[in-house]
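Asker:
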Amino acid sequence: MIGRILAFAVLVWALGFVWFGVALPRPAGDERTAAIVVPTGSGGRIERGLALLRQDASPQMLVTGVDPDVRPAEFMAEYRVEPALMECCITLGFSALDTRGNAREAAEWVAARKVTSLRLVTADWHMRRAAIELGERLPPGVSVLRDGVPTRPSFATLFREYHKFLAAWFLAMI
1 MIGRILAFAV
11 LVWALGFVWF
21 GVALPRPAGD
31 ERTAAIVVPT
41 GSGGRIERGL
51 ALLRQDASPQ
61 MLVTGVDPDV
71 RPAEFMAEYR
81 VEPALMECCI
91 TLGFSALDTR
101 GNAREAAEWV
111 AARKVTSLRL
121 VTADWHMRRA
131 AIELGERLPP
141 GVSVLRDGVP
151 TRPSFATLFR
161 EYHKFLAAWF
171 LAMI
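Here you go:
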């Protein structure tokens, strides 16, 4: 009996991993939101957020988890951000060190600005966990549009992230 239960658990885990790796979140459509939140990390995230900001998909953007040594001028030079866009519309968040910290920093920023809808821009493999962590901390009534940046994650990245996702999901359920 214990063998069957263990075999069933392994089967559920394996099927979940296949789903996690094959059905990665995709980029969102043209919906407009009140804000964009971009956790730092793998390439393409900040570029995607800036492109959306320039396309008027949102009037403001938070980049969370920025290294404290990065200065706004360095950010502007690295991503070719115009001074006017930086001044009006981009906030650099320096307090987050990980995904949970990104969620906490973003939730505080959202609450302070009374944002009612946001677009979460992150890597496709990171989206599910980032959305869970953020959803746990956002004020009530804030809608989140998931915008997955397409990547080519390695097996090791998917394997690690799947287990982090399971842990975040489990903690959100209790």
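Numbering (full-length UniProt numbering), first residue to last: 1 to 174. We put the beta carbon where it would ideally sit given N, CA and C, even for glycine.
On the CB-based measure, 16 or more other CB atoms within 10 Å of its CB, does D69 come out buried or exposed?
Answerer: So D69 ends up on the exposed side.
Asker: So A123 is in the beta strand (DSSP E); what residue range does that whole segment cover?
Answerer: Element bounds for A123: 117-123.
Asker: For A111 versus R104, is the C-beta spacing smaller than 8 Å?
Answerer: Taking 8 Å as the Cβ cut-off, A111 and R104 do not qualify as a contacting pair.
Asker: Where A57 and M76 are concerned, what is the direct C-alpha to C-alpha distance, given to the nearest angstrom?
Answerer: Each residue's Cα considered, the two are about 20 Å apart.
Asker: Kindly identify the DSSP beta-bridge partner or partners of G148.
Answerer: T122.
Asker: Pull the bridge partners of R61 from the DSSP assignment, please.
Answerer: A small correction: the amino acid at residue 61 is Met; Arg does not occupy that position in the sequence shown. BP columns for M61 point to I36, I90.
Asker: For the structure I just gave you, are there three or more beta carbon pairs, one from the stretch 112-132 and one from the stretch 142-161, closer than 8 Å?
Answerer: With a cut-off of 8 Å, the stretch 142-161 and the stretch 112-132 count as touching, because enough Cβ pairs lie within range.
Asker: From P140 to I132, what distance separates their C-alpha atoms?
Answerer: Taking the straight line from one Cα to the other gives about 14 Å.
Asker: Would you kindly report the start and end of the unbroken alpha helix (DSSP H) that includes V18?
Answerer: Segment 2-22, the alpha helix (DSSP H) holding V18.
Asker: Does the CB of I5 have a neighbour CB from chain B at under 8 Å?
Answerer: Judged by its chain identifiers, the structure shown contains no chain B, having just a single protein chain.
Asker: What does a CB cutoff of less than 8 Å around residue 208 pick up in its chain, not counting 5 residues either side in sequence?
Answerer: In this structure the chain extends from 1 to 174, so residue 208 is not present and cannot be described.
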